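Accompanying notes for the structure given below.
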Amino acid sequence: MMAEFSDIIGVSRQLTVLAFQFGDGFTNMITPTSGVLIGCLGVARVPYEKWVKLIFPFIVFLFIAGLILLFPPLYFSFNGF
Numbered sequence: 001m002m003a004e005f006s007d008i009i010g011v012s013r014q015l016t017v018l019a020f021q022f023g024d025g026f027t028n029m030i031t032p033t034s035g036v037l038i039g040c041l042g043v044a045r046v047p048y049e050k051w052v053k054l055i056f057p058f059i060v061f062l063f064i065a066g067l068i069l070l071f072p073p074l075y076f077s078f079n080g081f
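1 is the number of the first residue of the sequence shown in the UniProt record's numbering; add one for each residue after it.
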């Protein structure tokens, strides 16, 4: 499914997978339905609201870093393998 999507929009398949991995990693740090996240927060006795306030600036930093890392392969057509 992702291979077909990358072919339609005209980017390499590796870049599509990399963008998906960035997005998946970012959302796993804040998704309240993640059992691992909620379990760790429960063991550490950190409320979810406090966690979101703490992690939000880091998420913004990672989002910007992800964009910066995605631009070179997009513009210079690094196709990987």
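Every residue gets a Cβ at the ideal spot worked out from N, C-alpha and C, and that includes glycine.
Bear in mind the structure is a predicted one, so any value in this text is a computation, not a measurement.
Beta-carbon proximity list for residue i, same chain, < 8 Å, skipping 5 on both sides
i: Pro32; result: Ile38, Tyr48
Residue i vs residue j beta-carbon contact at 8 Å
i: Leu70; j: Ala19; result: yes
Segment limits, alpha helix (DSSP H) that includes residue i
i: Thr27; result: 13-28
i: Ser34; result: Note, Ser34: premise wrong, no alpha helix (DSSP H); not H, not E.
Nearest to residue i (by Cα), restricted to the options the options
i: Ile30; options: Gly10, Val43, Ile59; result: Ile59
i: Ser77; options: Ile8, Ser12, Asp7, Met1; result: Ser12
Proximal residues to residue i (C-beta, below 6 Å), its chain only, five neighbours per side dropped
i: Trp51; result: Leu41
i: Phe73; result: Before going further, note that residue 73 is Pro rather than Phe in the sequence given. Within the same chain, Pro73 has close Cβ partners Leu15.
Beta-carbon proximity list for residue i, same chain, < 7 Å, skipping 5 on both sides
i: Leu62; result: Phe26
Just checking, does the region 58-75 make contact with the region 20-38 on the three C-beta pairs under 8 Å criterion?
yes
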